[in-house]
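*Asks:* Here our numbering is used: the first residue of the sequence shown is 3, the next is one more, and so on.
Built from N, CA and C at the ideal position, the CB exists for glycine as well.
First the structure, then my questions, so here it is.
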Amino acid sequence: MSMKILSHSTKSLIRESIETILLISLIISVFHISLQNFQVEGSSMDPNIKEGNCVVAEKVTYWKKPELFSNYLHDNYIFDQPNRGEVVIFKFPNDPTRFFVKRIIAIEGDSVEIKYGNVYVNNIKIDEPYLTHLNSESEYLSPAIIGENQYYVLGDNRTGSNDSRNWGTISDEHIIGKYFFKYGSNICNSFLTSSKGLR
3 MSMKILSHST KSLIRESIET ILLISLIISV FHISLQNFQV EGSSMDPNIK
53 EGNCVVAEKV TYWKKPELFS NYLHDNYIFD QPNRGEVVIF KFPNDPTRFF
103 VKRIIAIEGD SVEIKYGNVY VNNIKIDEPY LTHLNSESEY LSPAIIGENQ
153 YYVLGDNRTG SNDSRNWGTI SDEHIIGKYF FKYGSNICNS FLTSSKGLR
């Protein structure tokens, strides 16, 4: 009798262990699919995102719709598309091995212009409460129309950012995900994910 009880207990323990391992594996897989870890290497988003901060990109929001559902979804995204004011992580257009974090200023069809360091979208000066650094009053950008599936992005630290003013717009194909949150640099590299350099 005692041997049968032991055998049953052992089987239950093995089954529970397997279920736990499968659950942990599923959680880790979902984490890798939906989130990506980065460590900031520059000051282009200072002071909102500082050099050394660890940043998590959330990739689900900007998931593209499958071709199979092209007749049922009216835009290119399942949930939402990148919008003005959102901070995004993307691959540098001129070198896909490099990653950048910037704020979307203008989207497809918008007119963007910079006068005396102030940014105008569709001829309206935009409110930028996230800026703490003074813009260069001598900075100008002639009016430009943002093309299809393109985004105009700028760093919050305008005097210390390499962005669309230097290399133009980014395509939606370059965008990895939406800024989700930042956390301590001491856990940037964990058993769940390793960080990539972010400018």
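Taking the alpha helix (DSSP H) that R167 belongs to, which residues open and close that run?
*Replies:* Counting along the chain, the alpha helix (DSSP H) containing R167 begins and ends at 166-169.
*Asks:* Straight-line CA distance for M5 to R17?
*Replies:* Note that M5 scores a pLDDT of 48, beneath 50, so its modelled location is shaky; the value from the coordinates is reported in the next line. Taking the straight line joining both Cα atoms gives about 18 Å.
*Asks:* For the ligand NAP, I want to know if G44 counts as a neighbour, meaning its beta carbon is within less than 7 Å of at least one of the ligand's heavy atoms.
*Replies:* Although the ligand NAP was asked about, the structure shown includes no ligands whatsoever.
*Asks:* May I have the straight-line CA-CA distance separating V57 from G149, to the nearest angstrom?
*Replies:* Rounded to the nearest angstrom, the two C-alpha atoms are 29 Å apart.
*Asks:* Alpha carbon to alpha carbon, what distance is there between I51 and N159?
*Replies:* Spanning the two alpha carbons is a distance of roughly 10 Å.
*Asks:* What does the Cβ neighbour count give for D97, buried or exposed, with the cut at 16 atoms within 10 Å?
*Replies:* Exposed.
*Asks:* Apart from the five residues on each side of it in sequence, which residues of its chain come closer than 6 Å, Cβ to Cβ, to V62?
*Replies:* The answer, listed in chain order, is S36.
*Asks:* For the stretch 69-146, which segments carrying the beta strand (DSSP E) assignment without a break, of at least 3 residues, lie completely within its bounds, in sequence order?
*Replies:* Counting only runs of 3 or more, we get 89-94, 97-108, 113-117, 120-123.
*Asks:* Is it buried or exposed for N55, if we count other Cβ within 10 angstroms and need 16 for buried?
*Replies:* The residue is buried, with at least 16 neighbouring Cβ atoms inside 10 Å.
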